[in-house]
């Protein structure tokens, strides 16, 4: 009888223990929260990767959310010390990731970058285009992962070039020659996104300066070396830009155009060339006429002693917050998102390039493949310093862009333009409250 009583008492205790254990497992299930800017590419791809992550980690609950103003929603969570596990906080209200690094709010990614890659040989870090990987490093640590690779150069109308019997220019002198031919046929050689001068900063000032003084000209300027912004290299670049303006090679009225308005002018054949990044085709896909062939070219050489095979790219960043509940899971999500298989899918589905080596070759668009060719044939892929959402020195970018607009409006001279940039660079250089950054290629 005593044994029977003990068994009767033991049975419900066992049931309770089983139920309690199951409840504990449910409550204790880890959660990965991913917050993403929802722009032109949407967040469906990130959600698919979230589903893939959940399948690989059945003990993890995954939530991927986003909207166009994700930064506004994330800001109070960073302040309260409760951010998501991984964030892509760009957009109209971006979070300054560089400031977060300075505040110790970014989680180092060295370990995940040193771990084996998914779908490729070597480490995860070795799969990146080196300059894009290094761009997320501050001091000895990697804090940011380049979320995109929007190669930036000049696009041209291949069909129009063929009709006019002109070739892609390889030198500045050849550029002037073909511009004369284009203009003589009643077509603007260039149009541009005048309402947003940064397109011209990235499309003319910086690449011209690099082609006059080499990549070190940009490195010195970014690193705030005294006199770097108004030296002979940048002055010549500003003068060349102004020369194209004075010769009538920029479309009339372009200074007042939005990005889409100017891009329509290019697509309608009223301008032969336009500066833009690789997002151009995807952004304008509904407006591209049937049979229109846009191709990217390398910007022509200026100084015969300087390699012109140098191209810029626009980069924005993912970050794992240091205060996240599960930063290790956030880092693992980035590893899966930027795996070679997923990046190849991204290139095909979104018609956009990634920071991962070799993945652009799977592009199905001839236009995008032309950009891949420009990039892969470049000796240096540099980071466009003022086009992304969070540059190192926002006030410097504003002076550069405002000055570019003034230059194109003939309100200031090339010398006045570069002097104004150097003056702001000097102010930043001498302000000890502003964190300083350095870059090298």
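Numbering (UniProt numbering), first residue to last: 1 to 441.
Heads up, the beta-carbon is just placed ideally off N, CA and C, and yes, glycines get one too.
For residue 93, the three-state secondary structure derived from DSSP is coil. Out of 45, 85 and 133, the CA that lies nearest to the CA of residue 60 is found in 85. Taking 3 residues as the minimum length, the beta strand (DSSP E) runs contained wholly in the region 185 to 268 are 188 to 190, in order along the chain. In the three-state DSSP reduction, residue 341 falls in the helix class (H, G or I). With fewer than 16 other Cβ atoms inside 10 Å of its own Cβ, residue 402 counts as exposed.
For residue 211, the number of other beta carbons within 10 angstroms of its own is at least 16, and it is reported as buried. Contact between residue 64 and residue 36 holds: their C-beta atoms lie close to 7 Å from each other, under 8 Å.
Residue nearest to residue 168 within the set 424, 377, 297 and 337 is 297 (criterion: CA-CA distance). Going by DSSP, residue 76 is part of the alpha helix (DSSP H) stretching over 70 to 79. Scanning its chain for C-beta atoms nearer than 7 Å, with the 5 sequence neighbours on each side dropped, one finds around residue 277 the residues 150, 151, 152 and 314, in chain order.
Between residue 215 and residue 393, the C-beta spacing is not below 8 Å.
As summarised for the region 378 to 436, the continuous beta strand (DSSP E) elements at least 3 residues long and confined to that stretch are 380 to 383, given in chain order. Sequence-distant Cβ neighbours of residue 102 in its own chain, meaning closer than 8 Å and more than five residues away, are 435.
The Cβ neighbour count for residue 361, taken over all protein chains shown within 10 Å, is under 16; the residue is labelled exposed. By the Cβ-count criterion, residue 108 is buried, with 16 or more other Cβ atoms from all chains shown falling within 10 Å of its own Cβ. In the structure shown, the three-state DSSP call for residue 327 is helix. When DSSP states are grouped into helix, strand and coil, residue 305 belongs to the coil group.
In this structure residue 432 does not touch residue 293 by the C-beta definition: roughly 53 Å separates them, more than the 8 Å allowed.
Secondary structure of residue 65 (DSSP, three-state): strand.
Short of 7 Å from the beta carbon of residue 220, and not among the five residues preceding or following it, lie these beta carbons of its own chain, in chain order: 228. Taking the Cα of residue 304 as reference, the smallest distance to any Cα among 203, 262 and 171 is reached at 171.
Judged by their CB atoms, residue 146 and residue 164 are not nearer to each other than the 8 Å cut-off.
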